[in-house]
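2 protein chains.
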Amino acid sequence: MDDAAQDSVLTRDKILEAAEEVLRRFGPSKATVVDVARALGVSHGSVYRHVASKAALRDAVLERWLHRISDPLEAVVRGREPAPERLRKWMDALMAAKRRRVLKEPELFATYGILAADAREVVKGHVDTLVDQAARIIADGIKSGAFSVKDAGSAARSVFDATARFHNPRHAAEWSDPGIDTAFDGVWSLLNAALTARPAGKR
Amino acid sequence: MDDAAQDSVLTRDKILEAAEEVLRRFGPSKATVVDVARALGVSHGSVYRHVASKAALRDAVLERWLHRISDPLEAVVRGREPAPERLRKWMDALMAAKRRRVLKEPELFATYGILAADAREVVKGHVDTLVDQAARIIADGIKSGAFSVKDAGSAARSVFDATARFHNPRHAAEWSDPGIDTAFDGVWSLLNAALTARPAGKR
DNA sequence: TGACTGACAGATATTGAAATCTGTCAGTCA
DNA sequence: TGACTGACAGATTTCAATATCTGTCAGTCA
């Protein structure tokens, strides 16, 4: 009848919210659908009315989390600085976002790492989103003449691949190495040189 | 008395040999020092006469295995081709060595991955060896004028970092992706451009 | 005499019975 | 009438008793 303040109606969003909290508190190996239902005060059968399976629920929670990483980077992509500075800023923001999460809540980070291992498709989507962001910056750079590569898309993919050590969660343990920033600067200066290099009289 | 054919004397080498075989057959979680001793027909107490601990034994076996990867690359480093070709050949050989091992014996590869997780120092030594090999090639390239980077050592480290996705075992699962070679070519062409780029009239 | 054994203490791993979980669906109730 | 419940089958996980392992060392024996 009235459609406001209907706290009692079970929505997919509420389930995702609760699942996130349950995962945070119990970790991926202990969190159960029954826990999620209990947190919401419903039977676990009700949960299955809104999500197809436990795997689908985990996927959806992971997807949300990944969006909270990639969405804020949009602001950097749409920034006004020259493309080279903007690309560096975007990389810094990406790395900072990841590192902040490992440092602040290492266990939660590990939890999402475990979810990601079972959700290749979701992760692929996340990576594609990020590569697309980088590609848009590089395309700007090509247009303005700052970058001299042919294809923004493949350049973006290569930049992303070449910097894997600095943003791929598999390498998270290395992010607290003292030399990590120096290492990134080294890689960055090669990549930046490659992107900006004048086509050059052969060889 | 006589020092030939003394099959009965227990040496550190024989222990490493046996430990390798036990690890191959039982995997890292099941392999025990008792198994190694049994394979050698001695008591496990004897094994402790030659190795300080199970961890030290694992480290030594891992180190051997890593040497079997890095040693053959020396031939490439000492090759006669121009540095850029040689560096590429070295990278190809490194990647081929790793991929061959995952493909032929995935479980054994996983076993060594697990050993490596507990042997940071040994792994660090292996990486240093590899980076040093790359640095020697790059130094040649600088001498011959083919490369224009300042410091061979740090350039080598950056090249190694930038190609992590293609040789770091953490990414082994990605090595069977159909696009992996294309991805490497993309990264390589950026790195090659960066190394060979003429210092360029600024910006 | 010194390489090797084997029993030991404490730590770690295995095992299988009992408990819990996932996903379904006929039935309730607002 | 349709969102929700709760009991169920089969799969998975837990837990505590039991067995095995690691590292040591006094003692054997060649």
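For the protein sequence lines, the chains are X and W, in the order given.
Here the first sequence is numbered in my numbering, starting from 124 and rising by one per residue.
Here the second sequence is numbered in my numbering, starting from 124 and rising by one per residue.
Every residue, glycine too, gets a C-beta built ideally from N, C-alpha and C.
A quick note: this is a predicted structure, and the numbers were derived from the prediction, not measured.
- The straight-line gap separating the alpha-carbon atoms of residue 186(W) and residue 297(X) is approximately 21 angstroms.
- For residue 215(W), no Cβ of chain X is located within less than 8 angstroms of the residue's own Cβ.
- DSSP places residue 133(W) in the coil class of the three-state scheme, outside both helix and strand.
- In the structure shown, residue 272(X) adopts coil according to DSSP, grouped into three states.
- Only residues of its own chain outside the window of five on either side were considered, and among them 290 have a CB closer than 6 angstroms to the CB of residue 221(W), listed in chain order.
- Residue state for residue 243(W) is assigned as helix, using DSSP reduced to three classes.
- If the five residues before and after residue 232(W) are omitted, its C-beta is found closer than 8 angstroms to the C-beta atoms of 224, 225, 292 and 295, all from its own chain and listed in chain order.
- Counting only Cβ-Cβ distances below 8 angstroms, residue 310(W) has contacts in chain X at 281, 284 and 285, in chain order.
- In the three-state reduction of the DSSP assignment, residue 190(X) falls in the helix class, which pools H, G and I.
- Taking 7 angstroms as the cut-off between beta carbons, the residues of the stretch 295-320 of chain W near chain X are 306, 309, 310, 313, 314, 316, 317 and 320, in sequence order.
- Residue 284(W) is a Cβ neighbour of residue 306(X), given a cutoff of 8 angstroms.
- In the structure shown, residue 154(W) falls within a coil segment according to DSSP collapsed to helix, strand and coil.
- Of the residues assessed, residue 309(W) falls on the buried side of the cut-off, its CB having 16 or more other CB atoms within 10 angstroms.
- Ranking 216(W), 268(W), 260(W) and 205(W) by CA distance to the CA of residue 278(W) puts 260(W) first.
- Note on residue 207(W): 16 or more other CB atoms within 10 angstroms of its CB, so buried under the neighbour-count rule.
- The contact set of residue 293(W) on chain X, defined by CB atoms closer than 9 angstroms, consists of 291, 293 and 294 in chain order.
- Cβ neighbours of residue 169(W) within its own chain (closer than 7 angstroms, five residues either side excluded): 133 and 160.
- When DSSP states are grouped into helix, strand and coil, residue 267(X) belongs to the helix group.
- Here the stretch 231-245 of chain X makes contact with the stretch 174-181 of chain X; the two share three or more CB pairs at distances below 8 angstroms.
- If you draw a straight line from the Cα of residue 131(X) to the Cα of residue 165(X), it comes to about 10 angstroms.
- In the three-state reduction of the DSSP assignment, residue 305(W) falls in the helix class.
- At least one CB atom of chain X sits nearer than 8 angstroms to the CB of residue 288(W).
- One Cα belongs to residue 192(X), the other to residue 217(X), and the distance between them is close to 8 angstroms.
- Per DSSP, residue 300(W) lies in no alpha helix (DSSP H) and is assigned neither H nor E.
- The C-beta distance from residue 143(W) to residue 184(W) rounds to 5 angstroms, short enough to meet the 8 angstroms contact threshold.
- Within chain W, no residue has its beta carbon less than 7 angstroms from that of residue 267(X); the closest one is some 12 angstroms off.
- Residue 152(W) has a beta carbon lying at 8 angstroms or more from every beta carbon in chain X.
- Counting only the Cα atoms, residue 286(X) lies some 18 angstroms from residue 199(X).
- Of the other Cβ atoms in all chains shown, 16 or more fall within 10 Å of the Cβ of residue 182(X); this residue is therefore buried.
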